[in-house]
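Engineer: Chains as they are written, first to last, in the numbering used here: chain R, 1 to 535; chain Z, 536 to 1070. Each residue gets a CB set at the ideal place from its N, CA and C atoms; glycine is no exception. Values in this document were obtained by computation on a predicted structure and should not be read as measured data. Let me give you the structure first, and then I'll get to my questions.
2 protein chains.
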Amino acid sequence: MVLPLVSRWSARVLWASPGWRRTYTQRACVGLKRLGCPRGVYSPLAHRAYSVVAGGPEVTLTPERYPVQRLPFSTVSEEDLAAFECIIPGRVITDPEQLQTCNVDWLKTVRGCSKVLLRPQTSEEVSQILRHCYKRNLAVNPQGGNTGMVGGSVPVFDEVILSTALMNQVISFHDVSGILVCQAGCVLEELSRYVQERDFIMPLDLGAKGSCHIGGNVATNAGGLRFLRYGSLRGTVLGLEVVLADGTILNCLTSLRKDNTGYDLKQMFIGSEGTLGVITAVSIVCPPRPKAVNVAFLGCPGFAEVLQTFRTCRGMLGEILSAFEFMDTECMQLVGQHLQLTNPVQESPFYVLVETSGSSAGHDAEKLTNVLEQVLNSGLVTDGTMATDQRKVQMLWALRERITEALSRDGYVFKYDLSLPVERLYDLVIDLRTRLGPRAKHVVGYGHLGDGNLHLNVTAEAFSRELLGALEPYVYAWTAEQRGSVSAEHGLGFKKKDVLGYSKPPVAVTLMQQLKAMLDPEGILNPYKTLPAQA
Amino acid sequence: MVLPLVSRWSARVLWASPGWRRTYTQRACVGLKRLGCPRGVYSPLAHRAYSVVAGGPEVTLTPERYPVQRLPFSTVSEEDLAAFECIIPGRVITDPEQLQTCNVDWLKTVRGCSKVLLRPQTSEEVSQILRHCYKRNLAVNPQGGNTGMVGGSVPVFDEVILSTALMNQVISFHDVSGILVCQAGCVLEELSRYVQERDFIMPLDLGAKGSCHIGGNVATNAGGLRFLRYGSLRGTVLGLEVVLADGTILNCLTSLRKDNTGYDLKQMFIGSEGTLGVITAVSIVCPPRPKAVNVAFLGCPGFAEVLQTFRTCRGMLGEILSAFEFMDTECMQLVGQHLQLTNPVQESPFYVLVETSGSSAGHDAEKLTNVLEQVLNSGLVTDGTMATDQRKVQMLWALRERITEALSRDGYVFKYDLSLPVERLYDLVIDLRTRLGPRAKHVVGYGHLGDGNLHLNVTAEAFSRELLGALEPYVYAWTAEQRGSVSAEHGLGFKKKDVLGYSKPPVAVTLMQQLKAMLDPEGILNPYKTLPAQA
Ligand SMILES: Cc1cc2nc3c(=O)[nH]c(=O)nc-3n(C[C@H](O)[C@H](O)[C@H](O)COP(=O)(O)OP(=O)(O)OC[C@H]3O[C@@H](n4cnc5c(N)ncnc54)[C@H](O)[C@@H]3O)c2cc1C
Ligand SMILES: Cc1cc2nc3c(=O)[nH]c(=O)nc-3n(C[C@H](O)[C@H](O)[C@H](O)COP(=O)(O)OP(=O)(O)OC[C@H]3O[C@@H](n4cnc5c(N)ncnc54)[C@H](O)[C@@H]3O)c2cc1C
């Protein structure tokens, strides 16, 4: 049972559906040999078996919805297939049914028509594949767990899909320093489990953990739920191995916390969304597993109170504050309606989830109790509940983590992932509700408040050009006016590549294009993604 | 007085010279207008007035000691000087005496013969200067506080010195988020004071704080004393403004914690040591000022005990551990001999400095006391002392921070800054003592143990080619064998540029050269630095 903290708090029983798990996806048992699963038993595409993808109406082909022209790449020929088969025998997939899931993104908003999926196991194989594609001028779409939010993870036309799903080996783990070196296709949740057994945790965590790959996380510079405490992958990733467009293997897979020998090349690939190279292995430093974790789930009467609660937490919890997430009442309704999760506290306009992670259960509980007393007594919080044991902690987290899933069940989702000055974070949501009126089914706001990161989502029965027109460029212009970012953590992928200019000046865009030309002169890696098409 | 923690600890009076300050340099009062000092009163080069530089024998000209050829850049003409005078009237320095200090590095190991020092105040001025130099093919040496350790901060021949000393304005500070935006020439210690008054701290700290500039810190990707807790500048620097070789201003000066719009260009400039662009402004996130800081200074009987003490601290102090530094007994002798600092504890083979920073004085003291009891009782530590008030904390820190200064007073210093597996960190010091015998005056080891970072220093009466031959490439090969880094935090600059290959594979070096060619096609920015000369 979730422990009510003080008597006036809600003591209702929390969970309607008792058997659910923290990770919503039907997580596949991916063949992490050293993580204890024998490889033979997995069906090749099990890791993509989301219920939200399977079934439902066919997703519109990307070029039918978006104005995009195929670039003059070659088309995969029988000879190409034979060459691939030589490099990775038995792992060249051309079966249309198996290809279907890899051609469609998690949100079911874009669809490519690739005819071939390649499943290498080693960097050497990736290198040989790219060498071949480079020579043959074949476009390539690197794919991890395919949980990306911006249409970057699937082909736009017939690009070869290069999946890291079978590159799922832990290479080494140092149990004093906590430095993990692994292949790019390791599933984040598997890695989490692996390092937790050794008394460490992964420095990042996100709702997609059951499916996303560490390589995909690095390629998107994923933020997620622990960013507030453990910072960006730019600090925690120590090394990368990357295969360049022409097949050259760039080995920067060092396991050193500090290394200032020359330019830090790995940084170019972090967040480059598969457009500059294919990440094949990652070295990452894991923080020690905290001895005590507490989660409080609180109801706030207004957004001003959410902000004030954050300030109070930051001031009083200091170094043990490990997450501060918020969601509005519409989010709560959606997780209730679509996923049958029950609100553990009184209905409120806003909810926040506060997590502490520390090295002394007693000290942490004392700090958190002081905070909770203060926010309750001052009226910043009207109701709340707290959990310390792992199962209950996960239950509370699910309310926040499964919002993305609930939204995707609500209809077509227009997704915006913005960095904004924290004081103005919620204004845009209110503004849009008025602007869109009944044209939108739901306009919701939630996200990583502690990082100034708003997930603004608008759902509708179906994709609608008119609704899109009401949203864009309005949302981007609004954000730019606040000097915010039009993509805080999801990247630009296919769907946001043309809005780069709202957050970056022309000089920067030109430099990015030069960098792309330097590393991928033929432009075969994830074309139509990240950078606006050149004039 | 420094409080003895438990009765068996040393209670001797600590400090021979009562009047000393934490920062050893004769720190200049640099004209940070908004930081409270009127600009008019400073002599132009006051910030370089180190006693260790002034006086003493003339430093050998770099090309006389090192095999390096001047590249075919133009020579500064009267017309160039007139053009500079037009851009920055009154701030073009050609007086040989004033130029002397800017031509010699802090360690007095390299000397250039530049005839002109430029002191712009704005990015626009930097842009105009570089536009002129680019057109005229004049080589440029960006210079911050000139505290660099690898000869990167001074000209090798007659490069134009472009100093950020007058670019010392705070642009903005947000007192909720702690995000500071400032010009590149702000002195780290001034910034520290500025943000501390607002209840934040800088995420980095180093012994050179009284002189080094934030731009120089970013240009060298400085690590320093808070790296263990607050991580790398790659995570804490949020934005940069950079002037490119041709004078183009690249404005990536965002103040957002998260921004995944396109490639993160600022990363290319962090740690690029002035070879890819001139950093003119920095946006950096400052952590809240901890409410309680404790420092313990401990004596350990051996290096194995140092390591075990570290593990104990990490395990028991967890999130409040903010520094773990070590030094050997020779270091202590040198700070005693050259700086008259007194050892606060019993003489020991090794000393460690443990710092905690947290949000509850009571909780932190309790945690630290538990640790200290444990390490004393188990014999890992034989003597120690602890401090909580700021003055005493600074006194203990000085023992560690002033080692660099003590070494520079001991004679010519051969400096190595290595990342090594922590278990083998001290082996190389022992090995070298045997190898060098009486040829070396002192062979000492100290550094950021918590980050696996050893500062290995060898002193001699004077520079000696023979001693150099005994040290190099031996030290680099030894490090490479351990898969370490031949420059953990100091960068490569002029003196280490040719050893890049010990830590990076040829593919990486080639890519770095391409990056340099892309951003600085004429190679005018800090030539002869960071990258090995191309064949
Ligand atoms: C429920 C849910 C919650 C989420 N929560 C968060 C969150 O909190 N924070 C956040 O930042 N993101 C979040 N995301 C989106 C996030 O981008 C992804 O979940 C994750 O980082 C992508 O990993 P992936 O392996 O699925 O990559 P994919 O989706 O397969 O690919 C993403 C991009 O990276 C490229 N890529 C993938 N692997 C490689 C590789 N090895 N080398 C080069 N390029 C590669 C692809 O080409 C594509 O452009 C969430 C997504 C979902 C579905
Ligand atoms: C006593 C002492 C202690 C030190 N401790 C540490 C430590 O703990 N950790 C650590 O990492 N380092 C340490 N250092 C070395 C460290 O590199 C410097 O102190 C500091 O980061 C350099 O800053 P600076 O402003 O003095 O730069 P400079 O020495 O002036 O320049 C260093 C390099 O950066 C370039 N540069 C400077 N400013 C700019 C700019 N605005 N744009 C582009 N390029 C620029 C220069 O061309 C040069 O290549 C120490 C040095 C001393 C003397």
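#1: Could you give the distance in angstroms between the alpha-carbon of V59 of chain R and the alpha-carbon of T404 of chain R?
#2: Quick one: what does DSSP say K1031 of chain Z is sitting in, helix, strand or coil?
#3: Does ligand 1 have even one heavy atom less than 6 Å from the beta-carbon of Q143 of chain R?
#4: On the DSSP bridge assignment, give the partners of K415 of chain R in chain order.
#5: For chain Z, find out if any of its Cβ atoms is closer than 7 Å to the Cβ of Q513 of chain R; answer yes or no.
#6: Is S1022 of chain Z close to chain R? Criterion is C-beta to C-beta, closer than 7 Å.
#7: Who are the near neighbours of L380 of chain R in its chain, counting only those whose CB is closer than 6 Å to its CB and skipping five residues on each side?
#8: Tell me whether the beta-carbon of D615 of chain Z lies closer than 7 Å to the beta-carbon of V689 of chain Z.
#9: Can you check whether the C-beta of S1038 of chain Z is within less than 7 Å of a C-beta belonging to chain R?
#10: Which term fits P89 of chain R, buried or exposed, when burial requires 16 or more other beta carbons within 10 angstroms of its beta carbon?
#11: Mind listing the chain Z neighbours of G231 of chain R? Cutoff is C-beta to C-beta under 7 Å, in chain order.
#12: Which runs of the beta strand (DSSP E) fall wholly inside the region 249-278 of chain R and span at least 3 residues, in chain order?
#13: Would you say the beta carbon of N988 of chain Z is closer than 6 Å to some non-hydrogen atom of ligand 2?
#14: Following the continuous beta strand (DSSP E) through N141 of chain R, name the residue where it begins and the one where it ends.
#15: Count the other CB atoms, across all protein chains shown, that sit within 10 Å of the CB of D734 of chain Z; report buried if there are 16 or more and exposed otherwise.
#16: Do the CB positions of N141 of chain R and E124 of chain R come within less than 7 Å of each other?
#17: Confirm the yes/no value for this check: CB of A208 of chain R, any heavy atom of ligand 1, distance under 6 Å.
#18: By DSSP's criteria, V381 of chain R is part of a beta bridge. Which residues make up the other side?
#19: Using a cut-off of 8 Å between C-beta atoms, extract the partners of A1043 of chain Z located in chain R.
#20: With a cut-off of 8 Å on the beta carbons, I'd call T459 of chain R and L399 of chain R a contact; round off their distance for me.
#21: Taking contact to mean at least 3 C-beta pairs separated by less than 8 Å, is the region 111-118 of chain R in contact with the region 186-194 of chain R?
#22: Here's a check: name, in chain order, each residue in its chain whose Cβ is nearer than 7 Å to the Cβ of A533 of chain R, leaving out the five neighbours to either side.
#23: Using a threshold of 6 Å, is the CB atom of H748 of chain Z nearer than that to any non-hydrogen atom of ligand 2?
#24: Hey, out of R:K135, R:E373 and R:D364, whose CA is closest to T75 of chain R's CA?
#25: Please report the straight-line C-alpha distance between R119 of chain R and V92 of chain R, rounded to a whole angstrom.
#26: May I ask which residues mark the beginning and end of the alpha helix (DSSP H) holding F692 of chain Z?
#27: Quick check on this structure: which residue in R:S127, R:L298 and R:L256 has the alpha carbon closest to the alpha carbon of T1014 of chain Z?
#28: Which residues share a DSSP beta bridge with Y981 of chain Z?
#29: Looking only at its chain, what residues have a beta carbon closer than 6 Å to the beta carbon of T904 of chain Z, apart from the 5 residues adjacent to it on each side?
#30: Have a look at R:E366, R:I284, R:G450 and R:I524 and flag the residue whose alpha-carbon is nearest the alpha-carbon of V170 of chain R.
#31: Do the region 772-791 of chain Z and the region 800-815 of chain Z meet, that is, are 3 or more Cβ pairs less than 8 Å apart?
#32: Within 7 Å of any Cβ in chain Z, is that where the Cβ of K135 of chain R sits?
#33: Closest to I129 of chain R by C-alpha separation, out of R:N221, R:G277 and R:S232, would be which residue?
#34: Is the region 885-899 of chain Z in contact with the region 817-837 of chain Z, if contact means three or more CB pairs nearer than 8 Å?
#35: Checking the sheet assignment: what are the DSSP bridge partners for A836 of chain Z?
#36: So, is C621 of chain Z buried or exposed, given that buried needs 16 or more other C-beta atoms within 10 angstroms?
Structural biologist: Taking the geometry as given:
#1: Taking the first sequence and counting its residues from 1, the one referred to as residue 59 of chain R is at position 59. Taking the first sequence and counting its residues from 1, the one referred to as residue 404 of chain R is at position 404. Taking the straight line joining both Cα atoms gives about 19 Å.
#2: In the second sequence, the residue the question calls residue 1031 of chain Z occupies position 496. Coil, per DSSP.
#3: Residue 143 of chain R sits at position 143 when you count from the first residue of the first sequence. At least one heavy atom of ligand 1 is nearer than 6 Å to the Cβ of Q143 of chain R, so yes.
#4: On the first sequence, position 415 is the one that residue 415 of chain R refers to. R:N457, per the DSSP bridge assignment.
#5: If you number the first sequence from 1, residue 513 of chain R lands on position 513. Cβ-Cβ to chain Z under 7 Å: no for Q513 of chain R.
#6: In the second sequence, the residue the question calls residue 1022 of chain Z occupies position 487. Answer yes: the Cβ-Cβ gap between S1022 of chain Z and chain R drops below 7 Å somewhere.
#7: Locating residue 380 of chain R in the first sequence gives position 380, where the first residue counts as 1. Result list for L380 of chain R: E305, Q308 and T309, in chain order.
#8: If you number the second sequence from 1, residue 615 of chain Z lands on position 80. If you number the second sequence from 1, residue 689 of chain Z lands on position 154. Taking 7 Å as the cut-off, the Cβ atoms of D615 of chain Z and V689 of chain Z do not count as close.
#9: Residue mapping note: residue 1038 of chain Z aligns to position 503 of the second sequence, counting from 1. At least one chain R Cβ lies under 7 Å of S1038 of chain Z.
#10: The count along the first sequence starts at 1 and reaches residue 89 of chain R at position 89. Looking at its Cβ environment, which holds fewer than 16 other Cβ atoms inside 10 Å, P89 of chain R is exposed.
#11: Locating residue 231 of chain R in the first sequence gives position 231, counting from the first residue. Those within 7 Å of G231 of chain R in chain Z are G766 and G770.
#12: 249-252
#13: As a first step, residue 988 of chain Z must be located in the second sequence, where it is residue number 453. Result no, Cβ not under 6 Å from ligand 2.
#14: Residue numbering aside, residue 141 of chain R sits at position 141 when the first sequence is read from its first letter. Looking at the DSSP string, the run of the beta strand (DSSP E) that includes N141 of chain R is V140 to Q143.
#15: In the second sequence, residue 734 of chain Z corresponds to position 199, counting from 1. Its Cβ having fewer than 16 others within 10 Å, D734 of chain Z is exposed.
#16: Reading the first sequence from its first residue, position 141 is the one you call residue 141 of chain R. Reading the first sequence from its first residue, position 124 is the one you call residue 124 of chain R. Taking 7 Å as the Cβ cut-off, N141 of chain R and E124 of chain R do not qualify as a contacting pair.
#17: Taking the first residue of the first sequence as 1, we reach residue 208 of chain R at position 208. Within the cutoff, so yes.
#18: As a first step, residue 381 of chain R must be located in the first sequence, where it is residue number 381. Paired residue(s): none; V381 of chain R is not in a bridge.
#19: Within the second sequence, numbered from 1, the residue matching residue 1043 of chain Z stands at position 508. Residues of chain R passing the Cβ test: L250, N251, C252, G262 and L265.
#20: In the first sequence, residue 459 of chain R corresponds to position 459, counting from 1. In the first sequence, residue 399 of chain R corresponds to position 399, counting from 1. That pair is no contact at about 18 Å.
#21: no
#22: Mapped onto the first sequence, residue 533 of chain R falls at position 533. Closer than 7 Å at Cβ, skipping near neighbours: no residue.
#23: Numbered from its first residue, the second sequence carries residue 748 of chain Z at position 213. Yes, the beta carbon of H748 of chain Z sits closer than 6 Å to at least one heavy atom of ligand 2.
#24: Taking the first residue of the first sequence as position 1, residue 75 of chain R is located at position 75. When each option's Cα is compared against that of T75 of chain R, the closest is R:K135.
#25: Indexing the first sequence from 1 puts residue 119 of chain R at position 119. Indexing the first sequence from 1 puts residue 92 of chain R at position 92. So the alpha carbons of these two residues sit roughly 7 Å apart.
#26: Taking the first residue of the second sequence as position 1, residue 692 of chain Z is located at position 157. Where F692 of chain Z is concerned, there is no enclosing alpha helix (DSSP H), given that its DSSP letter is neither H nor E.
#27: On the second sequence, position 479 is the one that residue 1014 of chain Z refers to. Comparing Cα positions, the closest option is R:L256.
#28: In the second sequence, counting from the first residue as 1, residue 981 of chain Z sits at position 446. According to DSSP, Y981 of chain Z bridges with Z:M862 and Z:H990.
#29: Position 369 of the second sequence, counted from the start, is the residue given in the question as residue 904 of chain Z. Closer than 6 Å at the Cβ level, and outside the excluded window around T904 of chain Z, lies no residue.
#30: Start at 1 with the first residue of the first sequence, and residue 170 of chain R comes out as number 170. Nearest option by C-alpha distance: R:I284.
#31: yes
#32: Here residue 135 of chain R corresponds to residue number 135 of the first sequence, with the count starting at 1. Not closer than 7 Å to any Cβ of chain Z, the Cβ of K135 of chain R fails to qualify, so no.
#33: Along the first sequence, one-based indexing puts residue 129 of chain R at 129. Ranking the options by Cα distance to I129 of chain R, first place goes to R:G277.
#34: yes
#35: As a first step, residue 836 of chain Z is located in the second sequence; it is residue number 301 there, counting from the start. Per the sequence presented here, residue 836 of chain Z reads as Pro, with Ala not at that position. DSSP lists no partner for P836 of chain Z.
#36: Here residue 621 of chain Z corresponds to residue number 86 of the second sequence, with the count starting at 1. Exposed is the call here.
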